[in-house]
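Engineer: Each residue of the sequence shown is one higher than the one before, counting from 184 in this note's numbering.
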Amino acid sequence: GLGAQSYHLTLGTIAAIMSMLGFSLSYLMVRFHPKNLVNAHNTTLLLSFGWIPIFLLMLIDRQPIMPTHIHVAALIGLLFSVIFNISGMYVLNHIFKHLKAHVASNLLLLEGVFALAVGYVFYNEKLSPAELLGTVLIVASTVTLSMSTGAQKPAAET
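(1) What three-state label does DSSP hand T341 in the structure shown?
(2) What three-state label does DSSP hand L282 in the structure shown?
(3) What is the residue span of the alpha helix (DSSP H) that I321 lies within?
(4) Considering only C-alpha positions, which residue in the set N276, P312 and S288 is nearest to L299?
(5) Compute the Euclidean distance between the alpha carbons of H224 and L291, then round it to the nearest angstrom.
(6) Using the Cα positions of L240 and H277, report the straight-line distance between them to the nearest angstrom.
(7) Let me know if F267 comes out buried or exposed under the rule of 16 or more other beta-carbons within 10 Å of its beta-carbon.
(8) Span of the alpha helix (DSSP H) holding T226?
(9) Going by the CB atoms, is the gap between T327 and L293 shorter than 7 Å?
(10) Where Q246 and A323 are concerned, what is the direct C-alpha to C-alpha distance, given to the nearest angstrom?
(11) Taking DSSP as the reference, what is the three-state secondary structure of T251?
(12) Buried or exposed: which applies to V304, given that a residue is buried once 16 or more other Cβ atoms fall within 10 Å of its Cβ?
(13) On the DSSP letters alone, give me the boundaries of the alpha helix (DSSP H) that L192 sits inside.
(14) Exposed or buried, what is L301 when buried is set at 16 or more other beta-carbons lying within 10 Å of its beta-carbon?
(15) Buried or exposed: where does L242 fall if 16 or more other Cβ atoms within 10 Å of its Cβ makes it buried?
(16) Roughly how many angstroms separate the alpha carbons of F206 and M272, rounded to a whole number?
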């Protein structure tokens, strides 16, 4: 069932919550950048400084800076990951700059829907009724908010 006992607050869950909080706050900060910065500037600034906390955490946790072994497939995967992440960050900067925060954040919930679809199609993962219901609710709320008349910020704010 979906009772309170089925939730386990693990370190991974806490890290995911902190990650999403930081992720959302970072994109909301785009609104405080000077108006003459374009999306390429915002993306470059985020990527330029985004590595610092991760690097510090690696040092604190005494993890090796460089991997000890890496395969060609991993390098290709890393390359595609970088391309998709930078492209996604560029588009998200645009989204948060031009949509109201609650609408833009709701659009980000579609990430979970895509993750479920990829898991189902490529990894043969089975979906529970709760996951299917959550997917329907996320898609319905995203469509509803996107179609609402107040989804975009007024022209004076953009």
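Glycine included, every Cβ here is placed at the ideal spot set by N, Cα and C. Keep in mind that this is a model prediction, so the values were computed, not measured.
Structural biologist: Judging by the given coordinates:
(1) In this predicted model, T341 has a pLDDT of only 46, less than 50, meaning its place in the structure is not dependable; the value taken from the coordinates is given anyway. Looking at T341 - three-state DSSP - the assignment turns out to be coil, as it is neither helix nor strand.
(2) Note: L282 maps to strand in three-state DSSP.
(3) Where I321 is concerned, the enclosing alpha helix (DSSP H) stretches over P312 to M330.
(4) The shortest C-alpha separation from L299 is found at P312.
(5) Cα atoms of H224 and L291: separation of roughly 22 Å, rounded to the nearest angstrom.
(6) About 29 Å.
(7) It counts as exposed.
(8) For T226, the enclosing alpha helix (DSSP H) starts and ends at N222 to I243.
(9) Not a contact, by the Cβ cut-off of 7 Å.
(10) Distance between the alpha carbons of Q246 and A323 is about 43 Å.
(11) Coil, per DSSP.
(12) Around the Cβ of V304, a 10 Å sphere holds fewer than 16 other Cβ atoms; the residue is exposed.
(13) Element bounds for L192: n/a, residue is neither H nor E.
(14) Residue identity check: residue 301 is Val in the sequence provided, not Leu. Counting the other CB atoms within 10 Å of its CB gives V301 a total below 16, which places it among the exposed residues.
(15) Result: exposed.
(16) Rounded to the nearest whole angstrom, the CA to CA distance from F206 to M272 is 10 Å.
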